[in-house]
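Numbering (my numbering), first residue to last: 810 to 1066.
Quick reminder that beta carbons are idealized off the backbone N, C-alpha and C, glycines included.
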């Protein structure tokens, strides 16, 4: 997927500062598009509504409507926009008020280009992560619920199963399937499949006289040796010993749990 450029709108009432932003900073080299450079915040609001930028870079002290008022407006009307506030003063009170209005980044003038793009790179990374999560959520189509994942595994664990199988079946990403299993069951996908297979294996060992080879196949293990190894790791005994103990305890009137 091609990375989209980060759209930036800058606001500063100081002409030399605006000239610096347009003439001396290589925005494209850092994956950015400087959409507009404006002289006042009220005009900027119209451009923000029209262009939907990712970042607003604003001076904090301006006539008519200052940067704090703009940040407040953005917090209420365009909360997804990231705000970088600029100031010629190391003013703690202004910085504190900026933070309460959702501003996470504060730069002192004159702007250091490296510092500016370190902040923009961090913002860009956050936007990318958010887009991935949103894309995964939108990719999961149709009549879908986490319980359907679990029900599907419970009905199909006798066949080979993988995260990719479920992702393809439910039109989701494998990472989303993985997260849902962990959230809903407290187990990884692999552990849940193993749990379902071993639970069924225990039922078959108690309720049938099938050979271990047949049981291992019925619960989804291609290799009997692998099945025995997994079973023993979980229960500390082999499948045959499990069956023997169950039969002995049943005869004594104390059926195995």
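Run through the DSSP bridge pairs and tell me what residue i is partnered with.
| i | result |
| --- | --- |
| residue 981 | Beta-bridge pairing links residue 981 to no other residue. |
| residue 893 | 866, 914 |
| residue 841 | 815 |
| residue 847 | 820 |
Let's see if you can read the secondary structure: which residues bound the beta strand (DSSP E) around residue i?
| i | result |
| --- | --- |
| residue 866 | 864-868 |
Compute the beta-carbon to beta-carbon distance between residue i and residue j, rounded to the nearest angstrom, for a pair I have assumed lies under 8 Å.
| i | j | result |
| --- | --- | --- |
| residue 972 | residue 961 | That belief does not hold up - the Cβ atoms of residue 972 and residue 961 are roughly 12 Å apart, past 8 Å. |
| residue 851 | residue 885 | About 15 Å; that fails the 8 Å criterion. |
| residue 854 | residue 893 | Rounded, the Cβ-Cβ distance is 17 Å, inconsistent with contact. |
Go through its chain and collect everything with a Cβ distance to residue i's Cβ below 6 Å, but skip five positions before and after it.
| i | result |
| --- | --- |
| residue 845 | 818, 856 |
| residue 839 | 926 |
| residue 1046 | none |
| residue 891 | 864, 932 |
| residue 1006 | 966, 1028, 1029 |
| residue 827 | 821, 846 |
Report all residues from its chain with a CB closer than 8 Å to the CB of residue i; omit the five preceding and five following residues, and keep chain order.
| i | result |
| --- | --- |
| residue 994 | 959, 1001 |
| residue 888 | 911 |
| residue 1037 | 1021, 1025, 1047, 1048 |
| residue 997 | 987, 990, 991 |
| residue 1068 | The chain is shown from 810 up to 1066; residue 1068 falls before or after that span and cannot be answered. |
| residue 914 | 891, 892, 893, 894, 928, 932 |
| residue 924 | 916 |
Provide the residue span of the alpha helix (DSSP H) that contains residue i, from first to last.
| i | result |
| --- | --- |
| residue 882 | 876-886 |
| residue 833 | Where residue 833 is concerned, there is no enclosing alpha helix (DSSP H), given that its DSSP letter is neither H nor E. |
| residue 1012 | 998-1016 |
| residue 1025 | 1021-1027 |
| residue 1039 | 1033-1044 |
| residue 961 | 955-965 |
| residue 1048 | 1048-1060 |
Near residue i, which residues of its chain fall below 7 Å by C-beta distance, leaving aside the five closest residues on each side in sequence?
| i | result |
| --- | --- |
| residue 906 | 877 |
| residue 1033 | 1021, 1022, 1025 |
| residue 1050 | none |
Taking contact to mean 3 or more Cβ pairs, one atom from each stretch, closer than 8 Å, check whether the segment 855-869 and the segment 815-822 are in contact.
Verdict: yes, contact present.
How about the segment 955-971 and the segment 1024-1035: do they share at least three Cβ pairs that are nearer than 8 Å?
Because the criterion of three Cβ pairs below 8 Å is met, the segment 955-971 and the segment 1024-1035 touch.
Mind the definition here: the segment 979-986 touches the segment 1009-1029 only if three or more C-beta pairs lie below 8 Å; say whether that holds.
No: the two stretches stay apart, fewer than three of their Cβ pairs being nearer than 8 Å.
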